[in-house]
Amino acid sequence: MKKALTRHYCRNVTEAYTANSLRSKVKYLGLSSVLAFAVAGCGGGTDPVDGDSGSDVVISSASSIATTPTSSAPVQSSSSVAAAPQLQYAFNVAGERYEGVDGTVYEAEPAGYMTTSGQTNGVANSPVAIAETDDDTIYQSHRYGMFTFDLPVPTGTYSVVALFAEHWADGQQNVRVLNVDIENQTVATGVNLFQVIGREKAYDMVFDDIAVNDGKLTIEFGASENFATLSGLRVYKTSGGNNPVSSSSMAPVSSSSVVSSSSVAASSSSPAGPTFGNVSDGRTLWNNNCALCHGEFDETTAQAPGAFHPRIINANAYYGSPQTALANYIFTDMPPNNSETACDQTCSDNISAYFFDMASKLDNGGGNSDIEYDGQQAYKDFGCLACHGNDGLQESQPIVFENYSLETLTKKINDTMPLSEVNPNAWQQCVGNCATAVAEYLWSIRPKVSCDDGEAVLPRRVRGLTKFEYVNTINDLFGRNDAETLARTIGSDTEVKGFDNNAYASAVTSTRLDGYWAAAQAIAEVANVTPWLSTNNCNQQNMGACFVSKFGRMAFRRPLINDEMDDYTAIFEAGANDEDGARNVVQAMLISPNFLYRSEIGSNGRLTQYEVAALLAYTFWGSTPDAALLDKAASNSLGNTAQIRQAVDSLVADERAKKQFVHFGRQWLHIAPVADIDRDPQLFPTFNGQVAQAMDQELEMFLQEMLLADGYNISDFLNWDQVFANNTLASFYGLNGAGNQMTKIAAGSQRGGVLRLGAVLARNSKFDESHPIKRGLLVRNNLLCQEFGVPPANVGEVEPFDPSKPTRERFTAHSENETCASCHQFIDEVGFAFENYDAVGAYRTSEANGAAVDASGSISGLYRMTDPDTHVFSNLQDLSDILSTGAMQSASSCVAEQFQRMMDGEAKPDSCTIANTVARWNPAEKSLKDLWVEIVASQNFMQRQ
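Number 268 in the UniProt record's numbering belongs to position 268 of the sequence shown; there are no gaps in the numbering.
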């Protein structure tokens, strides 16, 4: 029987996950990891079903994966490198010098031999583990963008090994398709690393028989979709002599102290000629060593106003200063990246002489603040590309255009950009005409929202059950309450913007599939199958088919097709008796993709009614459709908006909706259970497990009341005059009127609304102190949907906890830092409104050190964050009042966006859909509960493409 189950299991896995016909129907399945499991666990793959024209994926016993994309040279395994090759170069791209486990020494990438086109950036080593290699360090760092290596080499034949690991692409929201050209010949094109091997796995591409006869090996990395990526590079000489390039032939890089360009006095006047150094030698040195990164220039190319490119030299900083300042800067800081050779003093003197000689011949002296700028060129020249990318939306530092008007974006650039502390290309500030030009350029290319073409339609896809949904489904199928224990072998889900059900985030790994297998075994052993065996119309002669039909309809959320009926009936009949056969069927079905995934593939551009039933059930219950909802699908009663509205009314009135809406609320607000937190018992002696448990109950009852009961709008959510409490929590809050059970009582002046819930306050704190940043972000991100980019890697930290200093004093110093202020000016002061509440949510008027609490401040930009509207508050009550009145529309739109994000499984749901939903809802007149029937009334709810 075990063999039969295993065969059935493997058939399910390989057929459903590798069938080319299914690949053409869905946008994302995490194919590589599932294929790997299918091969490893089931003894090999399956033949293609219908002739997929994409890349062939091969999984060998050694787990080395290779792809053969459409290219002029095949990609081979690393074992194909010619015998006894001579290593010429080995680079750890965007990382530091590293010695591999085989003794190969990888140098830092050679900035002097690398040029970029448009956007590029290096990402240093991350702590994530890399599969399929013992050299994690190499693959943990990477560069992305469009870039070219020009490597000096002797005449001969070479092999190039390019080392990759996919850190970003997910196959849906983020898609990367890269190309490689060597010596002006395309050697690989259309390579989708995510499809080939998935994320966080080492993958090497080898290119042999590369002839070089001009002394330079050129390797170009580009992309047909988004950006190329690269983690490492090795170059071997395979014929034509054994003359490896020494490290001394690489572009010289210094390793001594840095002189910041911002420390030198600025001037726009034309400098005098050089006072020392040899101009001719300087020009030769520049062209031979520096021009590869910074470009060549002469009297002809440098005549235009402002023509001294900021990447060449910070003209305003150096040309009004003595030549010695520039010479010293070159000597101590140029070229970058710690080369083993450097530009010595004579070299520095001569290059500075060349520059000063050139500048003395120009009218503009290298540029001034009054010149006219081309916005696109200035955006590139001032180093903006490195952080923000070609379109301002680079993954590491996207510009959140929704937060700005053209005027406020111009001011932002003028006042703070570029951030010299975190951007090595920020040679000078972009002010005045530069800021205006760059802002206008960005404004012209920003994503423009137009709803003229209607609401965006989601792709056809399948969506895996989350752990939360799996547990609820098992409990509802079998009438249990212990599925979480039975399913403990299933790992947690990847959260995107707080939600665990993003349709593209969690790839199915072999570990997860093993967890499903173990859970299915455990559940099948204890499941009560008797009710399914004693249903009407089942007799001993047809018991197998009858059980399979009835249970299969509930497990797969649709009727079974004939082949499925035959397969599962055979499994049933192979059992020792009816109960044994039923348990075998349960186990087999619970590891089927038809159970683990819910379909949104549809027919003719619309979801089937069974798919609609599943979508509704998992949206409003977080669980499987019951028999009544499936009956509606069977009778074509879920085919139009009126029918779906009616179904939603029933769903939200059901007890199962309470658990789902608590789950939604916790993920929307990012509030995990308070019972899991750890707080300093000496600082907070009254906080204990009973208080934490009561806070969790209060949050859950508050969410159920606000989101599912009649009559509550977003203003009530923000500023309610009641709380749920028992004696324990009421005593902690300083309130009266509670009993042993949680009940509604008057909130008093210190409580009421979501911002003053104990769970919200305690969760947005640290072990020993409150945390204004977390609390400010709660308002901006979660309640107003105003987002910030990812903080730059080198920003300053908040001053460590010091019991002698007030919290506000330490955080104010952090937000006044120039690099931090651009974002924290909108965050920290909002967070200070919470300062009357400590790290466990208890009310206070002074801190532990005796310092009086100051909870005053102001909030601006209730609609758009950088708008000039300003609202002053003296405490959290005032802020709650401001938000419940002035921000009612923004907060209402935000809750609609958050629910749409959860329902769709999309990180960024369609803005037109949200706007239309909010317009139908009319939050000023309707309750939060009324929103749910409007969400499903969208034009695109049942559509897929």
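Here a beta-carbon is modelled for each residue, glycine too, at the ideal position from N, C-alpha and C.
Residue from the options with nearest C-alpha to residue i
i	options	result
Ser352	Leu777, Thr189, Arg283	Arg283
Glu402	Gln939, Ser911, Leu928, Lys929	Ser911
Phe664	Ser856, Glu495, Leu385, Arg598	Glu495
residue 950	Val175, Glu183, Met146, Cys894	Absent from the model: residue 950. The displayed extent of the chain is 1 to 945, so no value can be given.
Asn604	Met942, Asp135, Ala188	Met942
Asp208	Gly190, Ser239, Ser623	Ser239
Glu835	Ala891, Lys774, Ser804, Asn562	Lys774
Glu769	Gly389, Phe811, Ala518	Phe811
Arg763	Ile677, Gln750, Gly552	Ile677
Met114	Met146, Gly156, Thr186	Met146
Thr186	Ile210, Gln643, Asp170, Tyr144	Ile210
Ser510	Ile490, Gly498, Met205, Ser141	Ile490
Gly831	Glu809, Arg606, Ala851	Glu809
residue 958	Ala378, Tyr354, Leu285	There is no way to answer for residue 958, as the model of the chain reaches only from 1 to 945.
8 Å contact criterion, which residue i and residue j should meet: CB distance rounded
i	j	result
Arg944	Val457	7 Å
Val93	Glu109	5 Å
Val529	Glu564	Actually they do not touch by this definition, with Cβ atoms about 18 Å apart.
Asp349	Ala327	5 Å
Gly464	Leu615	Actually they do not touch by this definition, with Cβ atoms about 14 Å apart.
Pro772	Thr807	7 Å
Ile644	Leu651	Ile644 to Leu651, Cβ: 10 Å. No contact.
Ala545	Thr569	5 Å
Phe788	Val400	7 Å
Range of the contiguous alpha helix (DSSP H) that encloses residue i
i	result
Thr473	467-478
Gly722	The residue asked about is misnamed: residue 722 is Gln in this sequence, not Gly. It is not in any alpha helix (DSSP H) - Gln722 instead sits in the beta strand (DSSP E) that spans 722-725.
Lys632	627-634
Asp567	562-573
Ser159	Run containing Ser159: none in the alpha helix (DSSP H); it sits in the beta strand (DSSP E), 156-164.
Asn584	578-590
Thr416	406-416
Segment limits, beta strand (DSSP E) that includes residue i
i	result
Tyr597	597-600
Tyr203	203-212
Thr218	216-225
Ile745	743-746
His771	Per DSSP, His771 belongs to no beta strand (DSSP E) and is neither H nor E.
Gly147	Checking the sequence, you will find Phe at residue 147 rather than Gly. Run containing Phe147: 142-152, per the beta strand (DSSP E) assignment.
Leu233	232-239
Thr275	Where Thr275 is concerned, there is no enclosing beta strand (DSSP E), given that its DSSP letter is neither H nor E.
Phe499	Taken as a continuous stretch (DSSP letters only), Phe499 belongs to no beta strand (DSSP E), as it is neither H nor E.
Residue-level contact to chain E via CB, residue i, 8 Å cutoff
i	result
Phe164	Protein chain content of the structure displayed is limited to a single chain, and chain E is not contained in it.
Euclidean distance between Cα positions of residue i and residue j
i	j	result
Thr416	His824	13 Å
Ser231	Val872	50 Å
Asp881	Leu757	15 Å
Asn502	Arg901	8 Å
Cys451	Ala915	9 Å
Ala524	Arg488	15 Å
residue 957	Leu783	Coverage of the chain is limited to positions 1 through 945, which leaves residue 957 absent and any answer about it impossible.
Gly306	Leu883	Note that Gly306 scores 37 on pLDDT, short of 50, meaning its location in the model is unreliable; the coordinates nonetheless yield the value given after this. Gly306 and Leu883: Cα-Cα distance of roughly 47 Å.
Ala907	Gln722	34 Å
Tyr106	Tyr504	34 Å
Thr686	Asp802	22 Å
Phe620	Phe899	10 Å
Val936	Gln660	16 Å
Asp828	Val895	23 Å
Leu442	Gly392	7 Å
Lys926	Arg920	10 Å
Ala759	Leu703	12 Å
Val81	Ser159	A caution first: Val81 carries a pLDDT of 32, below 50, which makes its placement in the model unreliable, though a value can still be read off. Computed Cα separation, rounded: 7 Å.
Thr104	Pro85	13 Å
Cys347	Gly100	34 Å
TODO: Tell me, please, whether the segment 194-203 touches the segment 126-145 by the rule of three or more beta-carbon pairs shorter than 8 Å.
DONE: Yes, they touch.
Open item on the list: Three Cβ pairs or more, each shorter than 8 Å: is that satisfied between the segment 578-593 and the segment 860-870?
Closed with: Between the segment 578-593 and the segment 860-870 there are fewer than three inter-stretch CB-CB distances shorter than 8 Å, so the stretches are not counted as touching.
Task: Three CB pairs or more closer than 8 Å across the segment 213-233 and the segment 174-191 - done: Touching, per the Cβ criterion.
TODO: Evaluate contact between the segment 694-710 and the segment 921-935, counting only Cβ atoms and requiring at least three cross-stretch pairs below 8 Å.
DONE: The answer is yes - the segment 921-935 touches the segment 694-710, with three or more Cβ pairs under 8 Å.
Task: Validate contact between the segment 134-153 and the segment 215-224 using beta carbons, cut 8 Å, 3 pairs - done: Short answer: they touch.
Task: the segment 833-849 in contact with the segment 379-394 per 3-pair CB rule at 8 Å - done: No: the two stretches stay apart, fewer than three of their Cβ pairs being nearer than 8 Å.
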